[in-house]
Amino acid sequence: DAGVIQSPRHEVTEMGQEVTLRCKPISGHNSLFWYRQTMMRGLELLIYFNNNVPIDDSGMPEDRFSAKMPNASFSTLKIQPSEPRDSAVYFCASSLARQGRVNEQFFGPGTRLTVL
Amino acid sequence: GQQVMQIPQYQHVQEGEDFTTYCNSSTTLSNIQWYKQRPGGHPVFLIQLVKSGEVKKQKRLTFQFGEAKKNSSLHITATQTTDVGTYFCAGRGTTDSWGKLQFGAGTQVVVTP
């Protein structure tokens, strides 16, 4: 298995630009999670999907952030417009959610975003 | 809201020594998971605990879930340089949506040979 795939691995952009992060979950997984990791705030859940439907987006910081999952094999996290405080490592994770079973999450390698 | 606290934030360990990292929640948890993140890497799932008082072992790692399901611990014996990394606990509150894990801030472990 290829694991969770994220692109790009690194992104440097200027304040005000639109940024799109991409994620391909593990084939067969039905849940997808977007996290943000910073030194100050640690690992934060932004949003997660189950069967391509957003279930909980209470962690999305503000309207500048949006996430979509048009199909089971692809998701995007978009920041528009980007700000320096958005600089962080963004992780995508996927899992196979099953009632009563261990729902371990498999993390992708992350996208390191720097907003100048 | 639920908060998951981890202590200590940093742990310097001499190779061969034991150490323990602790995880405490302000509310009762449905389950707790532990992850390890190597420097420059991504979190990797270690284990999940569900039952009150549960204890699980993985070689030199021992995981416990408290009786009240509000705290957990990870104990590593005979630390090796391969244990370097940050260990996170992540819990789901009983009233949280099923996929909502709240991660602790992590314990960063440095091993001195």
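So the protein lines, in turn, are chains A and B. Note that the first sequence ends on residue 118 in the working numbering; no numbers are left out. Note that the second sequence ends on residue 254 in the working numbering; no numbers are left out. C-beta atoms are modelled at their ideal positions from N, C-alpha and C, and glycine is treated no differently.
Contact with chain A by residue i, beta-carbon distance below 8 angstroms
i               : result
P180 of chain B : no
W125 of chain B : Residue coverage of chain B in this structure runs from 142 to 254, which leaves residue 125 of chain B outside it and unanswerable.
G226 of chain B : no
Q189 of chain B : yes
G247 of chain B : yes
F160 of chain B : no
Chain-ordered neighbours of residue i on chain B, where CB pairs are closer than 7 angstroms
i              : result
Y50 of chain A : G240
L79 of chain A : Neighbours of L79 of chain A on chain B: none; closest Cβ ~16 angstroms, over 7 angstroms.
G44 of chain A : F244, A246, G247
L47 of chain A : K241, L242
D59 of chain A : Those do not exist, as D59 of chain A stays about 11 angstroms from chain B at its closest Cβ, beyond 7 angstroms.
From the options, residue whose alpha carbon lies closest to that of residue i
i               : options                        : result
R24 of chain A  : A:A90, A:H31, A:R11            : A:R11
D58 of chain A  : B:S238, B:T253, B:G207, B:V196 : B:S238
T116 of chain A : A:M71, A:L47, A:T22, A:F108    : A:T22
I188 of chain B : B:R179, B:P180, B:I173         : B:I173
G18 of chain A  : A:R66, A:W36, A:L34            : A:R66
P149 of chain B : B:T222, B:Q221, B:F229, B:Y163 : B:Y163
Under 7 angstroms by beta carbon: chain A residues contacting residue i
i               : result
H183 of chain B : F93, F109, G110, P111, G112
F229 of chain B : L45
Contact set between residue i and chain B, taken where Cβ atoms lie within less than 9 angstroms
i              : result
A99 of chain A : W239, G240
F35 of chain A : G240, L242
Chain-ordered neighbours of residue i on chain A, where CB pairs are closer than 9 angstroms
i               : result
Q174 of chain B : V104, N105, E106, Q107
Short CB-CB distance (under 8 angstroms) between residue i and chain B
i              : result
S75 of chain A : no
I28 of chain A : no
Contact belief for residue i with residue j at Cβ below 8 angstroms, rounded distance in angstroms
i              : j              : result
F93 of chain A : Q39 of chain A : 6 angstroms
Tell me which residues of the segment 203 to 224 of chain B have at least one Cβ-Cβ distance to chain A shorter than 8 angstroms, keeping chain order. If you check each beta-carbon in the segment 203 to 224 of chain B against every beta-carbon of chain A, none falls closer than 8 angstroms.
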